[in-house]
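Enquirer: So that we are looking at the same thing, I have put the structure below in structure tokens.
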DNA sequence: GGAGACGGCGCC
DNA sequence: AAAGGGCGCCGTCTCC
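In my numbering, the protein residues as written are 1 to 555.
Pasting the structure below:
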């Protein structure tokens with residue numbers, strides 16, 4: 001394996017590049033906290049670029065960023081993980097949305113989603129795969145710990161940017177037109193949108209009140225127990241003492257056991273409350289709410305193999321809602337603003353209908369009626385109400401039917417016997433044979449990869465147990481993700497600015513001025529419907545949308 | 001004492 | 001042997 005030779009480093013001459021030139025750019029910051037990489041923390045370290053893969057131009061003063069970038073304005077910019085650099089560079093200059101931008105990380109994820117894991121997507125991994133080059137990464141820690149520059153560190157910064165430049169040229173040779181279209185039409189515009197997300201305002205006082213209540217309850221229950229219910233090892237041990245041998249102490253198991261022993265219920269309760277204290281406690285506020293009262297998450301455009309967006313530091317995609325709607329009441333619109341909250345109904349089942357072409361399922365969706373009640377009518381020959389427990393069972397089946405749910409799993413989930421569960425599944429698939437075929441096809445065709453409706457590839461690894469379940473589900477999940485991304489892109493195009501504060505898989509939350517809310521609601525709804533209709537033309541789409549002052553004002 | 005695996009659980 | 005998918009984060013456990 002090779003290493004990159006010490007580059008020629010120039011810091012007295014500006015690089016001037018023009019249209020057609022490819023300029024790799026890389027930024028180093030001092031003193032960044034790993035969990036807050038996306039926030040305006042840390043101090044300017046360096047900005048380096050190269051247009052020929054040999055000579056590196058580098059500056060060490062943030063005040064030079066603006067003229068530095070102006071000189072290469074016309075060129076195509078190459079980054080590895082551009083949101084990091086772009087987000088921080090905005091602290092020293094204005095960065096406008098540009099299409100001439102190649103992100104080697106985003107491209108690699110589009111090309112090799114499911115083939116390589118996320119931990120094999122670093123610049124060092126790419127330069128090893130593409131160029132057989134070894135790239136030293138040990139300096140990252142040093143940037144965190146000290147502001148001192150050494151010759152070695154300068155060389156490291158220079159080598160990084162050369163690696164990016166080299167990887168670009170190799171990727172260019174092998175990337176397919178279809179992958180490039182996904183990049184240009186979907187992921188790159190989405191990346192720019194996520195950079196423009198405003199934070200969400202949080203009522204911190206209320207939040208702390210909510211979690212304080214849970215803290216009290218957690219303590220109460222824990223005091224009654226002589227072991228730590230947060231430990232699976234200790235919980236299993238305690239249950240064994242009462243005569244219950246279990247291989248797992250998770251909620252599903254405990255729920256069954258709760259009928260037989262109080263202990264199971266106690267462990268469950270303790271976990272519910274400690275979860276709220278640990279994950280959604282005071283620490284959450286301390287860590288993530290900025291001085292302006294808002295939370296700024298880090299949004300990843302394609303961290304998930306399906307191309308779903310993901311969120312971290314903090315993860316805004318898993319804020320409690322079922323048992324504790326109080327948390328979402330803490331997400332509030334700013335003074336004089338309203339939220340517009342929209343979500344796609346039964347989005348993945350709709351894509352299942354589209355992709356399987358199942359006749360009966362298509363009819364049900366296109367009838368515009370409640371699909372779960374309609375399916376129940378087919379299955380049981382009677383009309384059930386919304387509160388009938390069978391509706392929840394059917395929901396499980398509808399969602400599970402396309403990601404490989406078995407009678408065993410269904411039985412466990414619903415508390416039915418295996419025989420009952422099998423009967424339900426069989427009846428379901430006899431009504432929707434197209435769905436069954438879709439499911440079985442994945443196994444029998446044994447595809448190298450599956451695709452979303454827009455053509456995003458998800459590679460299968462048949463050596464991994466359960467690969468066929470990923471194969472069934474990925475086209476649905478990734479198509480749904482595309483619908484959401486395209487809705488965002490097209491809405492912002494129409495509206496002219498970006499008021500998005502929180503996307504969540506099949507849901508969008510916008511914050512706009514009160515007087516604009518109704519207008520925005522109408523445009524957003526129409527946009528989402530248009531996009532969905534385009535992506536699943538055989539299925540009538542459905543979007544519910546409301547205007548509110550809190551996230552919880554949903555339904 | 002730190003790193004990483006694991007179990008568990010919040011959401012869609 | 002395991003028994004719908006996708007995430008991120010927490011505390012515990014284990015190992016060095």
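Cβ atoms here follow ideal geometry from the backbone N, Cα and C, with glycine treated the same way.
Predicted, not measured: the structure shown is a model, and the values here were computed from it.
Report yes if the CB atom of residue 463 is closer than 8 Å to the CB atom of residue 457, and no otherwise.
Expert: Here residue 463 refers to the residue found at position 463 when the first chain is read from its first residue. Here residue 457 refers to the residue found at position 457 when the first chain is read from its first residue. Their beta carbons are not under 8 Å apart, which means residue 463 does not touch residue 457 by this criterion.
Enquirer: State the CB to CB distance for the pair residue 71 and residue 17, rounded to an integer number of angstroms; the pair is presumed to be in contact (CB under 8 Å).
Expert: Along the first chain, read from residue 1 onward, the residue named residue 71 stands at position 71. Along the first chain, read from residue 1 onward, the residue named residue 17 stands at position 17. Correct: roughly 7 Å between the Cβ atoms.
Enquirer: Which residue comes first and which comes last in the beta strand (DSSP E) that contains residue 503?
Expert: On the first chain, residue 503 is found 503 positions in, with the first residue counted as 1. Here the beta strand (DSSP E) through residue 503 covers 500 to 503.
Enquirer: If you draw a straight line from the C-alpha of residue 389 to the C-alpha of residue 173, how long is it?
Expert: By 1-based counting over the first chain, the position of residue 389 is 389. By 1-based counting over the first chain, the position of residue 173 is 173. Cα to Cα, the separation comes out at about 56 Å.
Enquirer: Is it true that the CB of residue 375 sits closer than 8 Å to the CB of residue 399?
Expert: Here residue 399 corresponds to residue number 399 of the first chain, with the count starting at 1. Here residue 375 corresponds to residue number 375 of the first chain, with the count starting at 1. No. Outside cutoff.
Enquirer: Helix, strand or coil: how does DSSP classify residue 121 here?
Expert: Counting from 1 along the first chain, the entry for residue 121 is found at position 121. In this structure, residue 121 counts as coil in the three-state DSSP scheme.
Enquirer: Note down, in chain order, each residue of its chain lying with its Cβ closer than 8 Å to the Cβ of residue 273, except the 5 sequence neighbours on either side.
Expert: Your numbering for residue 273 matches position 273 in the first chain. 214, 215, 217, 218, 221.
Enquirer: Would you call the segment 191 to 199 and the segment 287 to 296 in contact, with 3 or more CB pairs under 8 Å?
Expert: The segment 191 to 199 is in contact with the segment 287 to 296.
Enquirer: Measuring straight from C-alpha to C-alpha, what distance separates residue 41 and residue 132?
Expert: Indexing the first chain from 1 puts residue 41 at position 41. Indexing the first chain from 1 puts residue 132 at position 132. Roughly 35 Å separates the two Cα atoms.
Enquirer: Report all residues from its chain with a CB closer than 7 Å to the CB of residue 532; omit the five preceding and five following residues, and keep chain order.
Expert: For this step, residue 532 is matched to residue 532 along the first chain. Cβ neighbours of residue 532 beyond the five flanking positions: 344, 483, 541.
Enquirer: With C-beta atoms as the reference, is residue 551 less than 8 Å away from residue 308?
Expert: The residue you call residue 551 lines up with position 551 of the first chain. The residue you call residue 308 lines up with position 308 of the first chain. Taking 8 Å as the Cβ cut-off, residue 551 and residue 308 do not qualify as a contacting pair.
Enquirer: Nearest by alpha-carbon distance to residue 248: which of 259, 183, 267 is it?
Expert: To locate residue 248, count along the first chain from 1; it is residue 248. That would be 267, whose Cα lies nearest to the Cα of residue 248.
Enquirer: Identify whether residue 244 lies in helix, strand or coil by the three-state DSSP scheme.
Expert: In the first chain, residue 244 corresponds to position 244, counting from 1. Coil.
Enquirer: Grab the span of the beta strand (DSSP E) containing residue 339 for me, first residue to last.
Expert: Reading the first chain from its first residue, position 339 is the one you call residue 339. 337 to 344 is the extent of the beta strand (DSSP E) around residue 339.
Enquirer: For residue 350, which of helix, strand or coil comes out of DSSP?
Expert: Here residue 350 refers to the residue found at position 350 when the first chain is read from its first residue. Here residue 350 sits in helix by DSSP.
Enquirer: Looking at the structure shown, is residue 15 part of a helix, part of a strand, or coil, going by DSSP?
Expert: Locating residue 15 in the first chain gives position 15, counting from the first residue. Here residue 15 sits in coil by DSSP.
Enquirer: Assuming residue 49 is part of the beta strand (DSSP E), what are its boundary residues?
Expert: Walking along the first chain from the start, residue 49 turns up at place 49. Counting along the chain, the beta strand (DSSP E) containing residue 49 begins and ends at 43 to 50.
Enquirer: Straight-line CA distance for residue 305 to residue 470?
Expert: The count along the first chain starts at 1 and reaches residue 305 at position 305. The count along the first chain starts at 1 and reaches residue 470 at position 470. Their backbone Cα atoms lie some 10 Å apart in a straight line.
Enquirer: Using a Cβ-Cβ cut-off of 7 Å (strictly less than) and excluding sequence neighbours within five positions of residue 242, which residues of its own chain qualify?
Expert: The count along the first chain starts at 1 and reaches residue 242 at position 242. Once the five neighbours on either side are set aside, the close Cβ partners of residue 242 are 261, 263.
Enquirer: For the segment 425 to 496, which segments carrying the beta strand (DSSP E) assignment without a break, of at least 3 residues, lie completely within its bounds, in sequence order?
Expert: With a minimum length of 3 residues, the continuous beta strand (DSSP E) runs that stay inside the segment 425 to 496 are 449 to 451, 457 to 459.
Enquirer: Where does residue 523 sit, in a helix, a strand or coil, going by DSSP?
Expert: To locate residue 523, count along the first chain from 1; it is residue 523. Of the three classes helix, strand and coil, the one that applies to residue 523 here is helix, per DSSP.
Enquirer: Taking its Cβ as the centre, do 16 or more other Cβ atoms sit within 10 Å of residue 465, making it buried, or is it exposed?
Expert: Position 465 of the first chain, counted from the start, is the residue given in the question as residue 465. Result: exposed.
Enquirer: Does residue 3 pass the burial test, meaning 16 or more other C-beta atoms within 10 Å, or should it be called exposed?
Expert: Counted from its first residue, the first chain places residue 3 at position 3. Looking at its Cβ environment, which holds fewer than 16 other Cβ atoms inside 10 Å, residue 3 is exposed.
Enquirer: Measure from the alpha carbon of residue 105 to the alpha carbon of each residue in 386, 85, 314, then state which is nearest.
Expert: Working through the first chain from its first residue, we reach residue 105 at position 105. Of the listed residues, the one whose Cα sits closest to residue 105 is 85.
Enquirer: Out of 179, 57, 53, 46, which has the shortest C-alpha to C-alpha gap to residue 63?
Expert: Counting from one through the first chain, the residue named residue 63 turns up at place 63. Nearest of 179, 57, 53, 46 to residue 63, Cα basis: 46.
Enquirer: Within 10 angstroms of its Cβ, does residue 76 collect 16 or more other Cβ (buried), or is it exposed?
Expert: The residue you call residue 76 lines up with position 76 of the first chain. With 16 or more other Cβ atoms within 10 Å, it is buried.
Enquirer: Could you check which residue in 477, 459, 330, 413 has the C-alpha nearest to that of residue 402?
Expert: Here residue 402 is taken as the residue at index 402 of the first chain, counted from 1. Comparing Cα-Cα distances from residue 402 to each of 477, 459, 330, 413, the minimum goes to 477.
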